[in-house]
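Protein chains in written order, with the working numbering: chain A, 35 to 172; chain B, 17 to 168; chain C, 57 to 195.
Where a beta carbon is used, it is the ideal one built from N, C-alpha and C, also for glycine.
Please read these numbers as outputs of a predicted model, since none were measured by experiment.
Contents: one structure, followed by commentary.
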Amino acid sequence: MTDSQEKKVGIISCSGEGCVEGTIARVATRLVLEKLRPEETVTICLPLFLAGGGEERAFAKYYPTITVDGCDKLCAKVGTERYSGKPAGSIVVTDLAKSSGCSKLRSLRKLESEELALAQKVAEGIAREVDEVLEHWR
Amino acid sequence: MSEYLRTVFDKFELRVRKGLYYTKDGLWVSVENGKVRVGVSDYLQKISGDVAFIEVAKPGSTIEKGKEFGTLESVKTTVALLSPMSGKVDEMNGELTGKPELVNSDPYGEGWLMVIIPCNLEEDRASLLGAEDYYKLMLEKLQSEHEKLESR
Amino acid sequence: MKTATSGQKKVIVIPCSGIGKAFGSISRDATYEVTENLRKDTTQTLCLALLVSGDEESLQLIQNNKCITVDGCPLQCAEKNVKLAGGNLAGSLRVVDAYKENRHLKPKGVTFLDPDGQQMALALAGKIAKKVDDLLEEH
Numbered sequence: 035m036t037d038s039q040e041k042k043v044g045i046i047s048c049s050g051e052g053c054v055e056g057t058i059a060r061v062a063t064r065l066v067l068e069k070l071r072p073e074e075t076v077t078i079c080l081p082l083f084l085a086g087g088g089e090e091r092a093f094a095k096y097y098p099t100i101t102v103d104g105c106d107k108l109c110a111k112v113g114t115e116r117y118s119g120k121p122a123g124s125i126v127v128t129d130l131a132k133s134s135g136c137s138k139l140r141s142l143r144k145l146e147s148e149e150l151a152l153a154q155k156v157a158e159g160i161a162r163e164v165d166e167v168l169e170h171w172r
Numbered sequence: 017m018s019e020y021l022r023t024v025f026d027k028f029e030l031r032v033r034k035g036l037y038y039t040k041d042g043l044w045v046s047v048e049n050g051k052v053r054v055g056v057s058d059y060l061q062k063i064s065g066d067v068a069f070i071e072v073a074k075p076g077s078t079i080e081k082g083k084e085f086g087t088l089e090s091v092k093t094t095v096a097l098l099s100p101m102s103g104k105v106d107e108m109n110g111e112l113t114g115k116p117e118l119v120n121s122d123p124y125g126e127g128w129l130m131v132i133i134p135c136n137l138e139e140d141r142a143s144l145l146g147a148e149d150y151y152k153l154m155l156e157k158l159q160s161e162h163e164k165l166e167s168r
Numbered sequence: 057m058k059t060a061t062s063g064q065k066k067v068i069v070i071p072c073s074g075i076g077k078a079f080g081s082i083s084r085d086a087t088y089e090v091t092e093n094l095r096k097d098t099t100q101t102l103c104l105a106l107l108v109s110g111d112e113e114s115l116q117l118i119q120n121n122k123c124i125t126v127d128g129c130p131l132q133c134a135e136k137n138v139k140l141a142g143g144n145l146a147g148s149l150r151v152v153d154a155y156k157e158n159r160h161l162k163p164k165g166v167t168f169l170d171p172d173g174q175q176m177a178l179a180l181a182g183k184i185a186k187k188v189d190d191l192l193e194e195h
């Protein structure tokens, strides 16, 4: 990595197809990348990372990362620790759903209003983690 | 010593191969025993996205410096490819019909586009950029991209 | 998540779900269209990351059933990861194959699919469904 690289945080999200929380993790991460912290963040593609993607793993090794997992299987967190190093932050959607009092989430594919609201909450949680990481980094 | 000049943008490493000439649009040129091989720079393939189709003038065609000799169609955009030199197309890379992704995965190697027999080699080469100058141009373009994002 | 009960063979459809590109989102949506709609009784999907993390149930599923991977880009992470995990890979589809037949579509949305993206997902879902039928006929 060269000196010219600005300080950025890598977000590694699961996209778990088996549960709606995976979809929420994915959407929340995209919201952070596109709207909440577009200048400060970079997405790390988890399948590519796990398959051996050099750029993804190198970034995660030299720059701080935040993992976003849909459920307590923690695939993004475990994968990051295994191949690059301990993430600087970790978010689990099922934990946030419980603490937000979300009732049983339904739609796996197209998020309804409750799921979208949770995605927004998760995105804000990720953004706060990004700010904290960058604050420590300065 | 590395055969590339390198920089990092976001998580992507961008390489400019030394010893080649470049157009401002991002094509590279290699002079090989009086013929000229043409390809796409790492920067150009990266900003274009995953290449789905490549069309290049057929062998025997006459091409003119600065004029379109083909198109690169990615899932994001279609890029008109402007010839770095005048001459006749000697060879086109037939592998790219079935595997256009070679342009992305190996832009300086197996992803080459065509070989030209130039009719004005020295004069046309003089108007191209060396690797160092193209590298500086690439950094300027990246900086300008970065500023555009910041101002959004 | 649905699970294949013993004696009931299903085809497992596994998308790459790459988060950085529209085609990753399309791979995901096309998979859901198949597993929730077009072939909902004969297919199911699976989290790719679970395979790499060594989840036993997921590994059993891909080893005991035929799998189709759906990749968004030429890096083919779904295909690679399923092979590495010892899955019974019976088919590999790529979003770009649907794009080649629908060049007028230029999907841009990654977070949420735009109309072009939705159309491409449907076109791809049709191809996946056909592949599923072929594989089940072989049984």
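Taking 7 Å as the cut-off, the beta carbon of Q100 of chain C is found no closer than this to the beta carbon of K139 of chain C. DSSP, reduced to helix, strand and coil, places L129 of chain B outside both helices and strands of the structure shown, so it counts as coil. The three-state secondary structure of G165 of chain C, taken from DSSP, is coil.
Closer than 7 Å to the CB of Y88 of chain C there is not a single CB belonging to chain B. Looking at the DSSP output, R143 of chain A shares a beta bridge with no other residue.
Collapsing the DSSP output to three states places Y96 of chain A in a helix. Considering only beta carbons, the part of the region 86-115 of chain A lying closer than 9 Å to chain B consists of G88, E89, E90, A92, F93, A94, Y97, in chain order. In the three-state reduction of the DSSP assignment, T87 of chain C falls in the helix class. In the DSSP annotation of this structure, S77 of chain B is not part of any alpha helix (DSSP H), being labelled neither H nor E.
With respect to G104 of chain A, A153 of chain A sits apart: the two C-beta atoms are not nearer than 7 Å. Three or more pairs of CB atoms, one per stretch, sit closer than 8 Å, so the region 37-51 of chain B contacts the region 96-103 of chain B. Under the Cβ criterion of 7 Å, V76 of chain A is counted among the residues facing chain B. For L108 of chain A and V67 of chain B, the gap between their C-alpha atoms comes out near 34 Å.
Taking 7 Å as the cut-off, the beta carbon of I75 of chain C is found closer than this to the beta carbon of C79 of chain A.
Taking 7 Å as the CB threshold, D122 of chain B stays off the interface with chain A. Y117 of chain A and W171 of chain A have their alpha carbons spaced roughly 22 Å apart. Taking C-alpha positions only, L149 of chain C is separated from I124 of chain C by approximately 7 Å. Judged by DSSP in its simplified three-state form, G113 of chain A adopts helix. For C123 of chain C, the beta-bridge partners assigned by DSSP are C:I68, C:L145. With contacts defined as CB atoms closer than 7 Å, I82 of chain C and G173 of chain C qualify as a contacting pair. In the three-state reduction of the DSSP assignment, Y124 of chain B falls in the coil class.
Put simply, of C:K136, C:G142, C:I184, C:N144 the residue whose alpha carbon is nearest the alpha carbon of V151 of chain C is C:I184.
Non-local C-beta neighbours of P98 of chain A in its own chain, meaning closer than 6 Å and more than five positions away in sequence, comprise V43, A122, V167, ordered along the chain.
Out of B:K34, B:K51, B:K83, B:P134, the CA that lies nearest to the CA of K152 of chain B is found in B:K34.
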